[in-house]
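FYI, in this note's numbering the residues of the sequence shown are 96 to 224.
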Amino acid sequence: MKQILILIFFLSCLIGLSQEKQKVDDNLFWYEATCENGTEKAQTDFNNGKYNIFITGLTVSFESEEEFYKFYDNYMLEKYNIKFVKKGCVITGSIKCYKETMKKLVLEKFGVDVFEKSRKEAKKEFEKK
């Protein structure tokens, strides 16, 4: 009986130690969710030619527009290497700062009207098909 209690004690200590590692991983998540980290990641992606535009919040589209949105996403990816990435409703500091930084850099590179102009161009090409 004494040996069983000692074994249970050691096993509970091991479980406690394994939970300590979990806390370190949680801290890593919060490090990655900082604004500075998001800004750095956006700058790095931009320098590598990866232009990710984050779409946040609830997105609503009608079935009739679904085909055009798919076409427009592909159009932007092929023509400008701009990829639209849906990020959902939970917006961390990292996501917010990435989104703002990347949008600013993309507008500087392609022009302030890049989204309006490309949407009109894509609409014309889509209607041809």
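Where a beta carbon is used, it is the ideal one built from N, C-alpha and C, also for glycine.
*Using 10 angstroms around the beta-carbon of cysteine 192, count the other beta-carbons present and answer buried if the total reaches 16, otherwise exposed.*
A buried status is given to cysteine 192, since no fewer than 16 other beta-carbon atoms sit within 10 Å of its beta-carbon.
*Do serine 213 and tyrosine 164 come within 8 angstroms of each other at the CB atom, strictly closer than that value?*
no
*asked:* Using a Cβ-Cβ cutoff of less than 6 angstroms, which residues in the same chain neighbour lysine 219 once the five nearest sequence positions on both sides are dropped?
replied: none
*In the DSSP assignment, find the alpha helix (DSSP H) that holds asparagine 147 and state where it starts and stops.*
Unbroken run through asparagine 147 is the beta strand (DSSP E), 146–151; no alpha helix (DSSP H).
*Please state whether DSSP places phenylalanine 205 in a helix, a strand or coil.*
helix
*Who are the near neighbours of asparagine 176 in its chain, counting only those whose CB is closer than 8 angstroms to its CB and skipping five residues on each side?*
Gly144, Lys145 and Tyr146
_Please state the DSSP three-state secondary structure of glycine 188._
Three-state DSSP puts glycine 188 in a helix.
_Nearest-angstrom Cα separation, counted from threonine 134 out to threonine 196_ = 6 angstroms
*Mind checking valine 201: buried by the 16 CB within 10 Å criterion, or exposed?*
buried
*Whole-angstrom distance between aspartate 140 and lysine 215, CA atom to CA atom*: 27 angstroms
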